[in-house]
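In full-length UniProt numbering, the protein residues as written are 1 to 359.
Take a look at the structure set out below.
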Amino acid sequence: MSDPAVDASRPGAVPVSPAGLALDRLADHLATHRPELAVGPLRAQLIAGGKSNLTYLLRLGDREVVLRRPPLGHVLATAHDMAREFRVISALAPTEVPVPGALLLCTDPEVIGAPFFLMERVPGEVFRTRAQTDPLGDERRRALAMAMMDTLAALHSVDPSSVGLADFGRPEGYLARQVRRWAGQLDRSRSRPLPGIDELRDLLAATAPEGANAGRIVHGDYRLDNLLASADPVAVHAVLDWEMATLGDPLADLGLLLTYWDVLGGSDTAAGNPVADGLGPRAGFPTGSELIDRYAGRSDVDVGPLHWHVALGCFKLAVICEGIHYRHTLGQTLGEGFDRIGEMVAPLVAHGLTAARER
């Protein structure tokens with residue numbers, strides 16, 4: 001559910017801002033730093049919120065742009081980095097990876113209550129639910145899934161140094177650091193017993209591979225509903241949500257994608273859930289193995305055994321879901337469907353343990 005559009009420039013009126021956005025201060029900031037954007041009435045509407053960063057559609061006179069800011073409350077350390085997201089979409093603009101145009105970064109939390117950035121609005125649809133994906137039919141669902149994998153292969157083929165991202169991360173030890181990072185995030189999100197999750201963390205830490213593919217640009221949360229796409233014709237118009245991007249092992253993107261696709265997308269737990277309802281074989285898309293075959297045919301990355309990376313994906317997504325569950329219990333999510341996200345943690349942990357024990 002979205003907030004109604006709110007007008008910040010009605011004559012003689014004090015603007016009433018949507019949750020998480022101070023429109024009057026935003027209007028003043030634009031007038032100072034991007035006056036060409038501060039034309040006509042400023043209106044805002046929340047178009048996505050609660051799971052991760054909050055996303056608003058801004059209407060600036062006749063122009064529409066998108067604003068991104070961190071979620072309300074309980075923001076984990078190192079997560080929701082606006083400057084990082086802005087930097088990577090700016091760097092990828094001249095490449096074959098489709099990204100929105102970057103317009104403005106503001107790191108001063110005093111302006112709207114948190115750091116934020118503005119980007120161009122890109123036409124397209126975020127395919128997230130069965131109500132959206134069922135009407136596509138088998139042929140277009142397959143084409144959309146393959147376009148998703150072609151775009152991921154294009155991302156992993158970009159030389160970081162060629163786009164000014166040589167210092168965007170530390171590839172050495174990336175996978176071991178991922179385990180430690182998400183273990184730390186887990187400790188800051190615990191609000192209830194989580195059977196098996198500590199065992200999964202310890203198994204991952206003890207068996208982290210070296211990461212022979214390290215040094216590529218990694219999205220960090222790559223999945224179908226982080227793309228703006230069209231179904232007629234099938235095309236990917238923009239990759240969104242770069243807050244966890246870094247330099248690392250591209251197999252981490254593949255492992256997390258398979259977690260969304262086969263683990264959640266093949267489970268009844270995801271039915272009606274805003275994280276994975278319209279994804280995967282359960283929703284009529286090709287299997288995860290078909291996706292990996294498509295990727296391997298268009299990339300020089302050695303896909304190798306992916307079981308450890310799927311286990312990491314399960315751990316990471318379990319921690320993310322637990323953090324969302326925690327924010328929801330505190331009343332700090334915006335939108336609908338978050339009451340069920342906590343149910344996904346247990347099946348993710350169980351599948352992660354199975355994958356981590358594979359040899």
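Ideal Cβ positions, reconstructed from N, Cα and C, are used throughout, including at glycine.
Residues that residue i bridges to, as DSSP identifies them
i    : result
I217 : L247
C106 : F116
L46  : Y56
E125 : A229
Buried/exposed call for residue i, threshold 16 Cβ in 10 Å
i           : result
H33         : exposed
G304        : exposed
T107        : exposed
S299        : buried
A214        : buried
R327        : buried
M344        : buried
E139        : exposed
E110        : exposed
R216        : buried
P98         : buried
P206        : The sequence given here has Ala at residue 206, not Pro. With fewer than 16 Cβ atoms within 10 Å of its Cβ, A206 is classed as exposed.
G164        : exposed
G331        : exposed
A77         : Residue confidence for A77 is low, a pLDDT of 44 falling below 50, so the modelled location carries little weight and cannot support an answer.
R223        : buried
G61         : exposed
residue 389 : An answer regarding residue 389 cannot be provided, because it is not within the stretch 1 to 359 covered by the chain.
S161        : exposed
D277        : buried
S289        : exposed
E85         : buried
A238        : buried
D198        : exposed
P115        : buried
R201        : buried
P195        : exposed
D167        : exposed
A31         : exposed
R357        : exposed
Residue i - containing beta strand (DSSP E), residue span
i    : result
R59  : L54 to L60
R69  : R63 to R69
E120 : F116 to E120
V239 : V234 to V239
CB contact check: residue i to chain D, cutoff 8 Å
i    : result
D253 : Absent here is chain D; the protein component of the structure consists of one chain.
Extent of the continuous alpha helix (DSSP H) to which residue i belongs
i    : result
S289 : G288 to A296
S230 : Note, S230: premise wrong, no alpha helix (DSSP H); beta strand (DSSP E) at L227 to A231.
L317 : H307 to T329
V88  : M82 to L92
V345 : V345 to A356
L26  : L23 to H33
T259 : From DSSP, T259 is part of no alpha helix (DSSP H); its letter is neither H nor E.
R130 : R130 to T133
Distance between beta carbons of residue j and residue i, contact taken as under 8 Å
i    : j    : result
N53  : E243 : 6 Å
V310 : G255 : 5 Å
V179 : L306 : Actually they do not touch by this definition, with Cβ atoms about 16 Å apart.
L136 : F117 : The pair is not a contact, with the Cβ atoms about 32 Å apart (cut-off 8 Å).
G248 : G169 : 6 Å
L42  : L58  : 7 Å
L317 : T259 : 5 Å
M82  : R69  : 7 Å
D293 : P281 : Contact flag wrong, Cβ pair sits at about 14 Å.
V88  : A231 : About 27 Å; that fails the 8 Å criterion.
**OP:** Just list the beta strand (DSSP E) runs in the stretch 142-208, keeping only unbroken ones of 3 residues or longer that don't cross its boundaries, in chain order.
**Re:** none
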